[in-house]
Amino acid sequence: MKAVADVSALLSLEYMGALEDTFDIADIYTSGSVEEELNEIAVFRDEKSGIAKKILTHISDGRIKCIDIKSESSNKNALMGQCFFLCISAKIPVLLTDDADAAYLLGRIAAQKGIKLRMCASVLVELIKAGKISPQAAKGKLEDLIKKRSWEGGILEVLSRRYLEVGEW
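Here numbering that gives the first Met the number 0 is used: the first residue of the sequence shown is 0, the next is one more, and so on.
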C-alpha cells in the first residue's frame, strides 16, 4: 500500500504507537510543507512536540518519503491541498488525514480523481489484516488516541470507531 499522510494523520499514528508497524505494510509519503509544520511543532516542550520529533526522525531516515510540493499559500487548507496534489502527481491512491474539515472540503474532488481519503484508524484495520496487531490491541490504541486527541463526543470519535466495528476486517 502507498499513502500520503498529512500532519494530523502522522501525529495520530505516532500517538497510537502504530507508525513503526505501518512502515511494514505501507510506503508513507508526505510533503515538504508537512515537514515544515512538524518542525514548528517540535520547538515546543510538550507531548505533541516529542511526537513531532519522532516523526521528523522517520523523515530524516527516509522511512517517510518527503516530496516537496510548492504552493503560494501556507494556510492549513493549502497544506492539505499539497498532500492532495502529491497524491495526484505521484499516483498515490490514498490520502491519510484526521482533519475532518479538510476531508470534507476535498471529499468530492478526491472521489472524482480516484483518491481515497482515510483516517489513521484505517491503518489499524490494515495492521489487523496483516497480522501485526490483534483487534483488541487496535481497539486499545484507538481508545488511547481518542483521549489524547480530545475526540470524545465528536465526529472524529464516531468516524474513527466505525473503522473498527466488528467484522470490518
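Cβ atoms here follow ideal geometry from the backbone N, Cα and C, with glycine treated the same way.
Proximal residues to residue i (C-beta, below 8 Å), its chain only, five neighbours per side dropped
i, result
"residue 123", "15, 17, 132, 137, 140, 141, 162 and 163"
"residue 65", "28, 29, 30, 31, 33, 34 and 58"
"residue 154", "99"
Of the listed residues the options, nearest to residue i (C-alpha basis)
i, options, result
"residue 176", "102, 110, 109 and 92", "With the chain covering only 0 through 168, there is no way to say anything about residue 176."
"residue 100", "0, 89, 7 and 90", "7"
"residue 54", "12, 110, 145 and 125", "12"
"residue 115", "143, 82, 48 and 130", "82"
"residue 78", "154, 29 and 24", "29"
"residue 38", "20, 19, 59 and 24", "59"
"residue 104", "0, 84 and 80", "80"
"residue 108", "20, 94, 9 and 127", "94"
"residue 84", "98, 96, 97 and 68", "68"
"residue 2", "87, 48 and 146", "87"
"residue 143", "159, 130 and 125", "159"
Chain-order list of residues whose beta-carbon lies under 6 Å from that of residue i (same chain, five-residue window excluded)
i, result
"residue 62", "22"
"residue 148", "none"
"residue 97", "7, 8, 11, 118 and 119"
Span of the alpha helix (DSSP H), counted from its first residue to its last, around residue i
i, result
"residue 29", "Segment 26-30 is the beta strand (DSSP E) holding residue 29; no alpha helix (DSSP H) there."
"residue 155", "154-162"
For residue i, the first and last residue of its enclosing beta strand (DSSP E)
i, result
"residue 178", "Given that the chain is displayed from residue 0 to residue 168, the structure contains no residue 178 and the question cannot be resolved."
"residue 66", "63-66"
"residue 42", "That residue, residue 42, is in no beta strand (DSSP E); it is neither H nor E in DSSP."
Cutoff 7 Å; reference residue i; Cβ partners in own chain excluding five residues on either side
i, result
"residue 102", "96 and 116"
"residue 72", "With a pLDDT of only 48 at residue 72, under the threshold of 50, the placement of this residue in the model should not be trusted; the figure read from the coordinates follows. Cβ neighbours of residue 72 beyond the five flanking positions: none."
"residue 41", "48, 51, 52 and 55"
Which runs of the alpha helix (DSSP H) spanning at least 4 residues fall entirely within the stretch 99-133, listed in chain order?
99-112 and 120-128
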